[in-house]
Amino acid sequence: MAGFSREDLFGGINFEDIFGGLNFDFGGGSPFEGFFRQRRTGPRRGENIEVEVFVSLERIATGGEEKIRLNRPASCPACHGTGAKAGTAPLKCKTCDGTGRLTRSRRDDKEHVLIQQITVCPDCHGQGSTIEHPCPECQGRGKVALEESLTVKIPQGADEGMALRIPGKGMPSPEAGGVNGDLFVIVYSRRDPRFERAGSDLLRLETIPLTDAVLGATLDVPTLDGSVSVTVPPGTQPDAVLRVKGKGLPAFGGAHHGDLYLRIGVRVPERLSRQERELYEQLRALGGKPH
Ligand SMILES: [Zn+2]
Ligand SMILES: [Zn+2]
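If you're matching positions, the sequence shown starts at 2 in my numbering and goes up one per residue.
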């Protein structure tokens with residue numbers, strides 16, 4: 002093994018560049034350690050996070066900006082994520098000499114192989130450094146809770162559960178100098194007492210008096226942009242569905258526009274005046290048979 006050099010193994014690549022200034026040293030010239038290290042091209046990236054945002058149906062219909070608040074851990078500004086008190090620096094871990102891992106090797110003389118076992122350093126948990134004077138702002142954790150207000154652009158007709166990716170707004174890297182993960186904003190439509198959303202269609206229950214169901218009527222029905230006049234034909238049955246074309250949501254991507262569906266409920270009177278009772282009695286006397 003002793004015959005290998007950096008140049009032999011990697012053709013003279015500048016390791017400082019690749020490993021971003023990590024304390025990289027071949028030392029005894031073990032290629033195993035070289036390959037192990039090569040997988041890491043810098044400090045680990047922070048994790049991605051998800052937040053849910055509930056927006057009005059009007060916002061889904063028009064698209065546009067929506068403000069969201071989120072609490073996420075951020076790199077501590079006082080110590081720049083190192084966890085060490087200002088003016089001090091983390092100390093190189095003595096146990097692992099700053100490498101973050103321990104390498105034990107033994108030679109199996111019978112098989113003529115070198116066996117290497119690499120473990121994470123138990124003293125610094127793989128960080129390669131220990132903190133003597135913790136940062137008072139973050140108690141040495143290197144992270145603080147940060148409340149942030151972000152403006153996200155909701156696409157017109159955004160589907161239920163659609164994820165919007167915001168690069169760099171995720172968790173900070175667990176290591177100083179690493180890049181943040183991404184934030185995924187999951188868009189949902191807010192509950193609306195007027196409508197239920199079904200894809201790009203809207204559903205609404207409209208309850209009308211029995212007389213309107215029998216004789217027909219004109220209803221003033223709310224929509225996302227005002228109201229429309231809807232004709233209920235005479236003889237409309239309970240649970241009949243009327244379609245109001247084009248009064249749903251635009252589909253994401255603008256392929257089509259959804260409709261508004263009205264399910265008709267019929268209110269049967271529970272109390273009758275004397276006159277009403279007489280009229281219903283007369284209707285019953287007519288037999289209710291087909292004419
Ligand atoms: Zn700090
Ligand atoms: Zn260590």
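Heads up, the beta-carbon is just placed ideally off N, CA and C, and yes, glycines get one too.
Which class does residue i belong to by DSSP, given the choice of helix, strand or coil?
i	result
I132	coil
L243	strand
L23	For L23, the predicted structure reports a pLDDT of 35, less than 50, and the residue's modelled location is therefore unreliable. A value from the coordinates is still provided. In the structure shown, L23 sits in coil (DSSP, three-state: anything other than H, G, I, E or B).
N72	strand
T232	strand
A177	coil
A256	coil
R272	coil
T237	coil
R46	coil
Look up residue i in the DSSP assignment and give the residues it is bridged to.
i	result
Y189	F55
A159	A159 is not bridged to any residue.
A146	P74
T96	Answer by DSSP bridge pairing: none, since T96 is not bridged.
E138	Answer is none; E138 lacks a bridge partner.
A85	P135
I167	L184
G64	Bridge partners of G64: none, in fact.
P91	Bridge partners of P91: none, in fact.
Give every residue of the same chain whose Cβ lies closer than 6 Å to the Cβ of residue i, excluding the five residues on either side of it in the sequence, and list them in chain order.
i	result
G28	At G28, the pLDDT of 36 sits below 50, so the modelled position is not reliable; the number obtained from the coordinates is stated separately. If we look at G28 and ignore the five residues flanking it on each side, it has no Cβ neighbours.
G249	S201, D202, L203, G259, D260 and L261
E197	L204
D26	At D26 the pLDDT is 35, less than 50, meaning the model places this residue with poor confidence and gives no usable figure here.
P270	none
R105	Q118
G47	G171, M172, P173, S174, N181 and G182
What residue range does the beta strand (DSSP E) around residue i cover?
i	result
D221	A218 to T224
P210	D202 to P210
R117	Contrary to the premise, residue 117 reads as Gln rather than Arg in this sequence. V114 to V121 is the span of the beta strand (DSSP E), which, as asked, contains Q117.
R268	L261 to R268
R198	E197 to A199
Starting from residue i, trace the alpha helix (DSSP H) in both directions and tell me its first and last residue.
i	result
A286	R275 to A286
Residues in the same chain with beta-carbon distance under 8 Å from residue i, minus the five sequence neighbours each way, listed in chain order, please.
i	result
K144	P74, A75, S76, C77, G82 and P173
E85	With the sequence shown as reference, residue 85 is identified as Ala, and Glu is not the correct amino acid for it. Here the set comprises P91, I132, E133, H134, P135, C136 and G141.
G162	I187, V188 and Y189
A214	V233, G236, T237, Q238, P239, I265 and V267
S228	D221 and V222
S57	S190, R191 and D193
R45	S174, P175, E176 and G179
Do residue i and residue j have their C-beta atoms closer together than 8 Å?
i	j	result
S130	G179	no
C122	C80	no
I61	A164	no
I69	L151	yes
G182	N49	yes
I116	R102	no
L216	V242	no
E67	I167	no
Q157	G64	yes
V153	V245	no
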